[in-house]
Structures are given as C-alpha cells and as structure tokens.
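First residue of the sequence shown: 14, per the numbering used here; consecutive thereafter.
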Amino acid sequence: MIPISKRIRFIEKWYELDSAFTAAQNICKEKVKKVLDLANVGFRHKAPEFMRMCYKNNLNFSIVSGGCSDIIASMMNQVIDIKNYENFMIYGNEIVFEDNKIKKIEMKINSVGKKMIINNEKVQNRKHIILLGDILPDANIV
C-alpha cells in the first residue's frame with residue numbers, strides 16, 4: 014500500500030496538471046454559468062427530500078468534496094436555497110477566474126485528504142453525524 018503522504022503528492026501533481034490544462038482551454042465564466050444553469054442534475058433516490066428536510070429544520074449540513082464548490086453550489090441550489098441556509102457549508106475546490114476566464118482550479122481537497130479538512134471543531138464535537146460518501150475511505154472521515 015502506498016503511504017498517504019506519497020498518495021497526496023501524486024494527487025496534488027495530477028490536480029496541478031489538470032488545472033493547467035483547464036486554464037489553457039480559455040473557458041469563460043459565462044460559458045461555465047450557462048452549462049451549470051442548463052445542467053440536468055440527477056441526485057440519488059430521496060436525496061432532494063433529505064436536503065429539503067435538513068433545510069426546513071436548519072440542520073447542520075456540510076459537504077466535503079474533491080469537486081468544485083461552485084458546481085456543487087449550483088447543483089444544491091436546484092433543490093434548496095443555500096444562500097438562506099444558515100447552517101450550510103461547502104468545503105471544496107475552487108474555480109479561480111481572471112479576466113473572465115478560468116485561471117486555475119484551486120485544489121484544496123482530494124480523495125485521500127478529506128479527513129484533514131473535517132475535525133471536531135468543524136463538526137462542533139457532535140456525537141451524531143450523518144456521513145454520505147462516494148468512496149469507501151469516506152467512512153473514516155469523522
């Protein structure tokens with residue numbers, strides 16, 4: 014098994030190359046917005062109902078993802094109004110624009126580094142947390 018420190022270095026190098034490639038495509042902000050607005054997002058069975066219930070009860074709802082926070086926010090806004098959701102937080106990578114074009118994607122989170130993002134302070138030492146992951150190691154985050 015590859016040690017986590019070495020895996021993180023490989024992933025960070027891949028993200029660096031991916032960010033440079035994306036920036037070289039000269040993708041403008043309007044194009045990103047249009048694609049997101051027109052996207053037909055599919056959620057898992059009953060996920061929208063679960064999100065609406067959390068929103069209605071103002072439950073703490075945090076998303077930790079190796080995806081881009083802008084894209085995740087756009088998807089979530091199709092179901093709930095995250096701007097008015099006091100206890101909603103996205104921890105994700107960020108698309109950085111310069112002169113209206115993607116300059117880079119700031120990779121803050123990767124699949125093996127999610128555990129380093131979530132800590133007791135962020136979950137306020139809660140005893141009960143619902144964790145939904147997309148890869149098996151996600152179960153070890155909290």
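Idealized CB from N, CA, C, for every residue including glycine.
Is the beta carbon of residue i within less than 6 Å of some heavy atom of the ligand SAH?
| i | result |
| --- | --- |
| LYS140 | The ligand SAH is not part of this structure, which contains no ligands at all. |
Report all residues from its chain with a CB closer than 8 Å to the CB of residue i; omit the five preceding and five following residues, and keep chain order.
| i | result |
| --- | --- |
| THR35 | ILE115, LYS117 and ILE118 |
| ARG139 | ASN73 |
| PRO61 | VAL92 |
Out of the options, point me to the one whose CA is closest to residue i's CA.
| i | options | result |
| --- | --- | --- |
| LEU51 | GLN91, ILE108 and ASN97 | GLN91 |
| ILE156 | VAL77, SER78, TYR68 and GLY79 | Any property of residue 156 remains undetermined from this structure, which presents the chain solely from 14 to 155. |
| ALA37 | ILE143, ILE142, HIS141 and GLU111 | GLU111 |
Would a C-beta distance cut-off of 7 Å place residue i and residue j closer than the cut-off?
| i | j | result |
| --- | --- | --- |
| ILE108 | CYS81 | yes |
| MET88 | VAL54 | yes |
| LYS47 | ASN113 | no |
| ASN100 | ASN70 | no |
| ILE84 | ILE76 | no |
In terms of residues, what are the limits of the beta strand (DSSP E) holding residue i?
| i | result |
| --- | --- |
| ASN106 | 101-111 |
| VAL77 | 74-81 |
| ILE115 | 114-119 |
For residue i, which residues from the same chain have a beta carbon less than 6 Å from its beta carbon, with the 5 sequence-adjacent residues on both sides left out?
| i | result |
| --- | --- |
| MET120 | TYR28 and ASN106 |
| MET64 | VAL92 and ILE93 |
| ILE24 | ASN123 |
| ILE40 | ILE115 |
Assuming residue i is part of the alpha helix (DSSP H), what are its boundary residues?
| i | result |
| --- | --- |
| TYR28 | 17-37 |
| ARG65 | 60-69 |
| ASP50 | 42-51 |
Apart from the five residues just before and just after residue i, which ones in its own chain have a Cβ nearer than 7 Å to its Cβ?
| i | result |
| --- | --- |
| GLY79 | ASN106, ILE122, ASN123 and SER124 |
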